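Q: Residue 185 in UniProt numbering sits at position 185 of the sequence shown; the count goes up by one each step and never skips. Okay, here's the structure, questions in a sec.
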Amino acid sequence: MTDPNGRAKRAVDLLVGALAMVMSAPLLGALAIAIKWSSPGPVLFRQERVGRGRRPFMMLKLRTMVDGADRMVAELLARGGTDERFYKFEDDPRVTRVGAFLRRWSLDELPQLWNVLRGEMSLVGPRPALASEVRAYAPWHLRRLEVRPGMTGAWQVSGRSELGFDDCVRLDLAYIDGWRLTRDVGILIRTAPAVLRRRGAL
């Protein structure tokens, strides 16, 4: 992605991200109350992720799990034998009742608009990875760290959980190599129907 293209992408992130933050503020307030009512713990979940150029940042989400859920990952990985670069658990016992609703409609991702405004993420880009996931990458996977991670992206609207990790990375790299502003707009437009089909993330 050339520098002029990068500046155009950043301008869209700032404009659309700021508008989305203002418009979603009442909803975020209501969701915060529901989270506090449903289980003890903070409203926001902060987790270190790997950003552009392998720089770490704290990604924000609405908390959807019991407090301290991160400490249960190793046990669940050992029990399920899933891919540590891309783990998702069926019927995750850590998810709260309100959290399941938030995840179903990808509402837990809304606080990442703040990450977008801070320049740590983009509206569209590769999924932000955990450091443990990056350590398991093959060398060719690392190219997905050349751009800011996104709230949604090419593979999220193409078949989120249905795709294997390598297929997701190939979609990310095709997005990076063929980036156009119109493609970002197209992915954002396709995200809403994908969420309604429970396939995408915003």
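Note that beta-carbon positions come from the ideal geometry of N, C-alpha and C, so glycine has one too. Predicted model only: the values in this text are computed from it and were never measured.
Using CA coordinates, which residue listed in A174, V22 and V147 is at the minimum distance from G119?
A: Within the sequence shown, the letter at position 119 stands for residue 119. Per the Cα distances, V147.
Q: Starting from E133, trace the beta strand (DSSP E) in both directions and tell me its first and last residue.
A: Here the question's residue 133 lines up with position 133 in the sequence shown. Where E133 is concerned, there is no enclosing beta strand (DSSP E), although the alpha helix (DSSP H) it sits in stretches over A131 to R135.
Q: As a quick exercise: from G153, R183 and M59, pick the residue whose alpha carbon is nearest that of D108.
A: Here residue 108 is taken as the residue at index 108 of the sequence shown, counted from 1. With distances taken between Cα atoms, D108 lies closest to M59.
Q: Any idea what DSSP makes of G150, helix, strand or coil?
A: Taking the sequence shown and counting its residues from 1, one reaches residue 150 at position 150. If DSSP states are grouped into helix, strand and coil, G150 belongs with the strands.
Q: Whether or not the stretch 147 to 156 and the stretch 110 to 128 are in contact is what I'm after, with contact meaning three or more pairs of Cβ atoms, one per stretch, closer than 8 Å; do they touch?
A: Contact holds: three or more Cβ-Cβ distances are below 8 Å.
Q: Pop quiz: V50 and P56 are said to be a contact at Cβ under 8 Å. What is the actual Cβ separation, rounded to whole angstroms?
A: For the purposes of this step, residue 50 is taken as the residue at position 50 of the sequence shown. For the purposes of this step, residue 56 is taken as the residue at position 56 of the sequence shown. So it is a contact: roughly 6 Å between Cβ atoms.
Q: By the DSSP assignment, the alpha helix (DSSP H) with P193 in it spans what residues?
A: Looking up residue 193 in the sequence shown gives position 193. Where P193 is concerned, the enclosing alpha helix (DSSP H) stretches over L181 to L196.
Q: Would you kindly work out how many angstroms separate the C-alpha atoms of R117 and P93, rounded to a whole number?
A: Sequence index remark: in the sequence shown, residue 117 carries index 117 (1-based). Sequence index remark: in the sequence shown, residue 93 carries index 93 (1-based). The sequence given here has Leu at residue 117, not Arg. Cα to Cα, L117 sits roughly 33 Å from P93.
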